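Everything on this sheet refers to the single structure shown next.
Residue numbers (the numbering used here): 9 to 193.
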């Protein structure tokens, strides 16, 4: 992981531009040797990074993971990160997911539980990756966040932040209020 300083250029500058570097931890690539997979080591490593970031006073964690590495982004979702951006990496054009987690945002937890869509990830996720990338990109473009993996349905749960829902509600309510009213000028 990396703790960028406010006055320096950082990795993933194309993502989470609104978060000051001093509040940010950037998670780097993590690899578990094939002989040790399935033992929960990735979860332990994620917990360790988060603990160190909190000790350093960081408020937001971000990460970029290739879409063709579902083990990593599924583990990130299990650790409480959410998919916020789906795009091509500006350096190598690889298809990537950008994930984010706010450490001290209690309101964020309430948002996460207000889910609206589940997206089935398929039985053979590697075959589904091109379609998943496009579906995820559509959800993010529509204001949704991929917030967790539902193991029982093998789906990613997507939620729209309450602030966006609140704005949409008022917009819909105003539209309904003025429906049928004609301008007499």
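Glycine residues also receive a C-beta, built at the ideal position from the N, C-alpha and C atoms. Predicted, not measured: the structure shown is a model, and the values here were computed from it.
Straight-line CA distance for residue i to residue j?
i	j	result
residue 157	residue 128	10 Å
residue 95	residue 74	10 Å
residue 25	residue 92	12 Å
residue 101	residue 145	15 Å
residue 72	residue 43	25 Å
residue 50	residue 60	15 Å
residue 118	residue 109	Caution is warranted here: a pLDDT of 47 is assigned to residue 118, below 50, making its placement in the model unreliable, and the coordinate value is therefore given only provisionally. Approximately 14 Å, taken between the alpha carbons.
residue 47	residue 98	34 Å
residue 153	residue 125	10 Å
residue 27	residue 167	21 Å
residue 159	residue 88	15 Å
Tell me whether the beta-carbon of residue i lies closer than 8 Å to the beta-carbon of residue j.
i	j	result
residue 155	residue 90	yes
residue 111	residue 62	yes
residue 57	residue 34	no
residue 3	residue 164	Any question about residue 3 goes unanswered here, given that the chain covers just 9 to 193.
residue 11	residue 66	yes
residue 107	residue 139	no
residue 20	residue 38	no
With DSSP run on the structure shown, which of helix, strand or coil describes residue i?
i	result
residue 153	strand
residue 106	strand
residue 53	helix
residue 92	strand
residue 58	helix
residue 128	strand
Report the residue from the options whose alpha carbon sits nearest the alpha carbon of residue i.
i	options	result
residue 55	124, 9, 15 and 169	9
residue 131	47, 78 and 166	78
residue 1	159, 104, 161 and 135	In the structure as shown, the chain begins at 9 and stops at 193. Residue 1 is therefore absent and cannot be evaluated.
residue 147	169, 88 and 36	169
Round the Cβ separation of residue i and residue j to the nearest angstrom and send it over; I've been treating them as touching at under 8 Å.
i	j	result
residue 31	residue 68	6 Å
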